[in-house]
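A.B. asks: Before I ask anything, here is the structure I am working with.
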Amino acid sequence: MSSLFHSWKGFSDEEELIRLLGFASLEKIIDFISIRPAMDLHYPTQYRKLRTPLTAAIDRGTPSILKSLLDRFSVPLDSTTTQPFGKTALMHASYVSRNPEVIRVLIARGANVRKTDDVGWNPLYYAIVGERTENVKCLIESGTDLESRDFQGRTPLMIAVILSNLGTAKLLLDHGADPTAIDDLGCTALKLAILRNKHELAIILAEYETDVTCKPSTVIHSDYELAEHLMPDLVPIMKENTLRKRRELEKTTLITD
Numbered sequence: 001m002s003s004l005f006h007s008w009k010g011f012s013d014e015e016e017l018i019r020l021l022g023f024a025s026l027e028k029i030i031d032f033i034s035i036r037p038a039m040d041l042h043y044p045t046q047y048r049k050l051r052t053p054l055t056a057a058i059d060r061g062t063p064s065i066l067k068s069l070l071d072r073f074s075v076p077l078d079s080t081t082t083q084p085f086g087k088t089a090l091m092h093a094s095y096v097s098r099n100p101e102v103i104r105v106l107i108a109r110g111a112n113v114r115k116t117d118d119v120g121w122n123p124l125y126y127a128i129v130g131e132r133t134e135n136v137k138c139l140i141e142s143g144t145d146l147e148s149r150d151f152q153g154r155t156p157l158m159i160a161v162i163l164s165n166l167g168t169a170k171l172l173l174d175h176g177a178d179p180t181a182i183d184d185l186g187c188t189a190l191k192l193a194i195l196r197n198k199h200e201l202a203i204i205l206a207e208y209e210t211d212v213t214c215k216p217s218t219v220i221h222s223d224y225e226l227a228e229h230l231m232p233d234l235v236p237i238m239k240e241n242t243l244r245k246r247r248e249l250e251k252t253t254l255i256t257d
């Protein structure tokens, strides 16, 4: 047997597999796992920040290698026992992977696209924060919940406004994300965009406002009032959009009557 397949002294088979996953070919990895009847793909390595064979395979980003591991060893993909904050393999992949095929492999093997972590985030939130637009598309196509809420009542679109980029937010809007949703603090996606000085995104979100003067009881200022203070050049756009939508609503009412 090649010395490649002998575990380093004092290291487990799982730790050796993690090492191989960093550089070895598919053939060498298959040779390594084929002579081992059982391995724990959730085996945590403290010195590598809880990295496991499964997360190492995801980090490698080669679907054929990930498939080979999942074919060889049974593993509960939604297990969170070795990862911080209740994170699953699919959440990890959604955040780090540059290859959406890795996401598809995990979903095809039963990974739950709607499972949430300790703060109420499902894999879609991770893809959004990682700015992985292809992963976002893949998760949407696989039935993720666009209107899910985390423990602050924030939707994926709101998190995109806060922690991601314009392209990701537009992608969510294009797939039907509700821009009028309000979180537990009374904030809409538009209000969050104004607070974070994301001007271009605020203009896009203002197009969806039906009444910019609406003010939930939990907030001091409406989106319109906030724009007057923090983004005054947005005010004329908000006025025009509101008037246009009111005219459209009145026209629709007349037709139906």
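The numbers in full-length UniProt numbering rise by one with no breaks, and the one at position 219 of the sequence shown is 219.
Glycine residues also receive a C-beta, built at the ideal position from the N, C-alpha and C atoms.
1) Going straight from the alpha carbon of I237 to that of H229, what length do you get?
2) CB I65 to CB T45, shorter than 8 Å?
3) Suppose you measure from the CA of Y126 to the CA of M91; what does that come to, to the nearest Å?
4) Mapping DSSP to helix, strand and coil, what is R51?
5) How is I45 classed by DSSP in three states: helix, strand or coil?
6) Just verifying my parser: in three-state terms, what is the DSSP assignment at P76?
7) Output the residue ranges of the alpha helix (DSSP H) runs that lie fully inside the stretch 174 to 204 and measure 4 residues or longer, sorted by chain position.
8) From which residue to which residue does the alpha helix (DSSP H) around M39 run?
9) On the three-pair Cβ rule with 8 Å, is the stretch 94 to 104 touching the stretch 46 to 63?
10) First and last residue of the alpha helix (DSSP H) that includes M158?
11) Between Y43 and S68, how many whole angstroms is the CB-CB distance? I'm expecting something under 8 Å.
12) Drop a sphere of 10 angstroms on the beta-carbon of G143, count the other beta-carbons inside from all chains shown, and report buried for 16 or more, exposed for fewer.
13) Please determine, among D150, L205, A206 and I33, the residue with the shortest C-alpha to C-alpha distance to L116.
14) Under the rule that 16 or more other beta-carbon atoms within 10 Å means buried, what is E15, buried or exposed?
15) Can you list, in chain order, the stretches of the alpha helix (DSSP H) that have 4 or more residues and sit fully within the stretch 71 to 127?
16) What distance in whole Å lies between the Cβ atoms of A202 and M158, which are believed to be in contact at a cut-off of 8 Å?
17) Near residue 261, what residues of its chain come up, given a Cβ to Cβ distance below 8 Å and the 5 sequence neighbours on each side ignored?
18) Does DSSP put M231 in a helix, in a strand, or in coil?
19) Locate the alpha helix (DSSP H) running through A138, then write down its first and last residues.
C.D. replies: Let's see:
1) 15 Å
2) no
3) 6 Å
4) strand
5) The sequence as given places Thr at residue 45; Ile does not occur at that position. Correct three-state label for T45: strand.
6) coil
7) 189 to 195
8) Per DSSP, M39 belongs to no alpha helix (DSSP H) and is neither H nor E.
9) yes
10) P156 to L163
11) At roughly 17 Å, the Cβ-Cβ gap does not stay under 8 Å, so Y43 and S68 are not in contact.
12) exposed
13) One point to set straight first is that residue 116 is Thr, not Leu, in the sequence displayed. It is D150.
14) buried
15) 89 to 96 and 100 to 108
16) Not really, about 13 Å apart at Cβ, beyond 8 Å.
17) Look at the range of the chain in this structure, 1 to 257, and you will see that residue 261 is not part of it.
18) coil
19) Position check: residue 138 holds Cys in this sequence, whereas Ala was assumed. Start and end: T133 to E141.
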